[in-house]
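Shown next, in structure tokens, is the structure this report addresses.
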Amino acid sequence: MAVESSEIQRGEYLPRVADGLLTQALQSSGAVQIKGPKWCGKTATAERQSASQVFMQDPDRSATLLALADTKPSLILRGEEPRLIDEWQMAPQLWDAVRFAIDRGRGRGRFILTGSATPQQEPAHSGVGRIARLTMRTMSLFESQESTGVVSLGELFDGNHDVSGFSDFDIENTAFALCRGGWPEAVVESRVNVALRMAADYVEELLDSDINRMDGIKRNKTWMRLIMRSYARNISSQASQSTIAADMQGEPPSEGTLSDYLDALSRACVTEDLPAWNPRLRSKTAVRTSPTRHFSDPSIACAVLHATPEKLLNDFETFGLLFESMCIRDLRVYADALGGDVFHYRDKTGLESDAVIGLHDGRWALIEVKLGEKQVDIAAAHLKKLADRIDQDHEGRPSFLMVLTATAAAYRRDDGVLVVPLATLAP
Numbered sequence: 001m002a003v004e005s006s007e008i009q010r011g012e013y014l015p016r017v018a019d020g021l022l023t024q025a026l027q028s029s030g031a032v033q034i035k036g037p038k039w040c041g042k043t044a045t046a047e048r049q050s051a052s053q054v055f056m057q058d059p060d061r062s063a064t065l066l067a068l069a070d071t072k073p074s075l076i077l078r079g080e081e082p083r084l085i086d087e088w089q090m091a092p093q094l095w096d097a098v099r100f101a102i103d104r105g106r107g108r109g110r111f112i113l114t115g116s117a118t119p120q121q122e123p124a125h126s127g128v129g130r131i132a133r134l135t136m137r138t139m140s141l142f143e144s145q146e147s148t149g150v151v152s153l154g155e156l157f158d159g160n161h162d163v164s165g166f167s168d169f170d171i172e173n174t175a176f177a178l179c180r181g182g183w184p185e186a187v188v189e190s191r192v193n194v195a196l197r198m199a200a201d202y203v204e205e206l207l208d209s210d211i212n213r214m215d216g217i218k219r220n221k222t223w224m225r226l227i228m229r230s231y232a233r234n235i236s237s238q239a240s241q242s243t244i245a246a247d248m249q250g251e252p253p254s255e256g257t258l259s260d261y262l263d264a265l266s267r268a269c270v271t272e273d274l275p276a277w278n279p280r281l282r283s284k285t286a287v288r289t290s291p292t293r294h295f296s297d298p299s300i301a302c303a304v305l306h307a308t309p310e311k312l313l314n315d316f317e318t319f320g321l322l323f324e325s326m327c328i329r330d331l332r333v334y335a336d337a338l339g340g341d342v343f344h345y346r347d348k349t350g351l352e353s354d355a356v357i358g359l360h361d362g363r364w365a366l367i368e369v370k371l372g373e374k375q376v377d378i379a380a381a382h383l384k385k386l387a388d389r390i391d392q393d394h395e396g397r398p399s400f401l402m403v404l405t406a407t408a409a410a411y412r413r414d415d416g417v418l419v420v421p422l423a424t425l426a427p
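Just so you know, UniProt numbering puts 424 at position 424 of the sequence shown, and the rest follows in order with no gaps.
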């Protein structure tokens, strides 16, 4: 497969969308919590804007720090500010200590809390008004410097729809990027085989220790692997919990146990389902409210399915579902930069939109994902039909309709629908 190795130097920091979001959050809040999957780059991003750091997983100091957190957590907070507390969830009481310190002190941008898991036990206080929350994901194609960025999502929302441009990021590159994922270490790795191995290493470390270390609950590794495999087989679908259970080999766990395992994957930021959009419609039509299943990075699905770039090129059905998941990841990153969220839409008639971007100021857009050019006409027709079904007197007109593809050219169709390759998109 003709995939070029990365020209990025190992150890080089590639700018992230989260850089600007963190700067803004520090200017408005006493502390910022950065949440996201392990290895997505949270610590590197936070370190660049911190003045001092404490690492709760430091093997030389972890036992001492945990003991200190139990006896006098305020000592861990001492240091030049902004002070980074990495993997704070290992001592959840630090959350309340940070909140109390902010209440007692003055100024903003005092602490940065990073973590790859959500504690099962909620802190005594929510932190509302004191601790801003920032979700960080794996690298989008724009952040990994694989998207040309000639089509700006922000400009589309502002009304600039005269899109044009080309990308030489072909279908083979797309298959490789899916299997490699957006893990920063993999992105800068020049050896293709090593880069492709990192997602599998992530899964194995997760199964071996991370998912248990998160809350101290010992979970069945075989069950967890089967659940993740079922999740991967149902990626980009609205598969129910019972569907996931039925798809597992052998005797599945009980409903309660399965719920616990799925919750653990979500709290560890391994999965990130896409919620449903519920707009006001012109006519009474039942809207499906089940979330669409996604991993935080599509390479996790590739790893548990043992999918390689070569296998994906011979299985376009699976390729298409995984490509949709990669599009959702990138759209989420870009929507964060614009102050928005990503949803999906599907009603009882089967009319759907793979992604709906809703900005906090009320603007919205519909997006369908198609791997190739042949399906663009059908996708465009569905988008226009769905837009007509929305009560635009209440919701407003859509800012744009887009078919997001893995093709080469970005252009505007005669019917106004935009055709945009993922590898040309930027915030």
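All C-beta atoms in this analysis are idealised placements derived from N, C-alpha and C, irrespective of residue type, glycine included.
The structure displayed is predicted, hence computed values, not measured ones.
By the CB criterion at 8 angstroms, Leu425 and Phe142 fall inside the cutoff. Between Ile227 and Val163, the alpha-carbon positions lie close to 41 angstroms from each other. Secondary structure note for Ala286: it is in no beta strand (DSSP E), with a DSSP letter that is neither H nor E. Judged by DSSP in its simplified three-state form, Met214 adopts coil rather than helix or strand. Here Ala409 carries a strand assignment [DSSP, helix/strand/coil]. Every alpha helix (DSSP H) of 4 residues or more that sits fully in the segment 367-412 is shown, in chain order, as 376-389 and 392-395. Under the criterion of beta carbons closer than 8 angstroms, Ile112 and Ala31 qualify as touching, at roughly 7 angstroms.
Note on geometry: alpha-carbon atoms of Pro15 and Pro427 lie some 13 angstroms from one another. For the set Arg130, Ala51, Asp86 and Pro92, the Cα lying nearest the Cα of Arg106 is the one of Arg130. In the three-state scheme derived from DSSP, where H, G and I count as helix and E and B as strand, Tyr261 is classed as helix. Only buried fits Lys35, as 16 or more other CB atoms lie within 10 angstroms of its CB. Each residue's CA atom was taken as its position, placing Leu207 and Asp263 some 15 angstroms apart. The UniProt domain "AAA" (31-143) contains, as complete beta strand (DSSP E) runs of 3+ residues, the segments 31-35, 52-55, 83-86, 111-115 and 131-135 (chain order). Cβ contact annotation for Ala239 (same chain, cutoff 7 angstroms, sequence separation greater than five): Arg293, in chain order. For Ile171, the enclosing alpha helix (DSSP H) begins and ends at Ile171 to Arg180. With contacts defined by Cβ atoms closer than 8 angstroms, Leu404 and His344 do not form a contacting pair. Out of Arg83, His306, Gly159 and Arg133, the CA that lies nearest to the CA of Trp364 is found in Gly159. For Asp347, the beta-bridge partners assigned by DSSP are Val287. Counting the other Cβ atoms within 10 Å of the Cβ of Gly416 gives fewer than 16, which makes it exposed.
Rounded to whole angstroms, Ala409 and Val420 show a C-alpha spacing of 7 angstroms. Judged by DSSP secondary structure, Ser299 falls within the alpha helix (DSSP H) whose first and last residues are Pro298 to Val304.
Nearest to Glu251 by C-alpha distance, out of Met224, Ala268, Phe169 and Val287, is Met224. Just so you know, the alpha carbons of Tyr261 and Phe166 end up roughly 43 angstroms apart. In this structure, the beta-carbon distance from Gln33 to Leu134 falls below 8 angstroms. It is roughly 14 angstroms from the alpha-carbon of Asp60 to the alpha-carbon of Leu68. Between Leu84 and Ala46, the C-beta spacing is below 8 angstroms. Rounded to whole angstroms, Ser50 and Pro82 show a C-alpha spacing of 5 angstroms.
Per DSSP, the beta bridge partners of Glu352 are Arg346.
Scanning its chain for C-beta atoms nearer than 8 angstroms, with the 5 sequence neighbours on each side dropped, one finds around Leu321 the residues Ile235, Ser236 and Ser237, in chain order. Cys40 is positioned such that its CB atom lies closer than 8 angstroms to that of Met136. Its chain contains Leu156, His161, Ala365 and Leu418 as the residues whose beta carbon lies nearer than 7 angstroms to that of Phe400, once the 5 sequence neighbours on both sides are disregarded; these appear in chain order.
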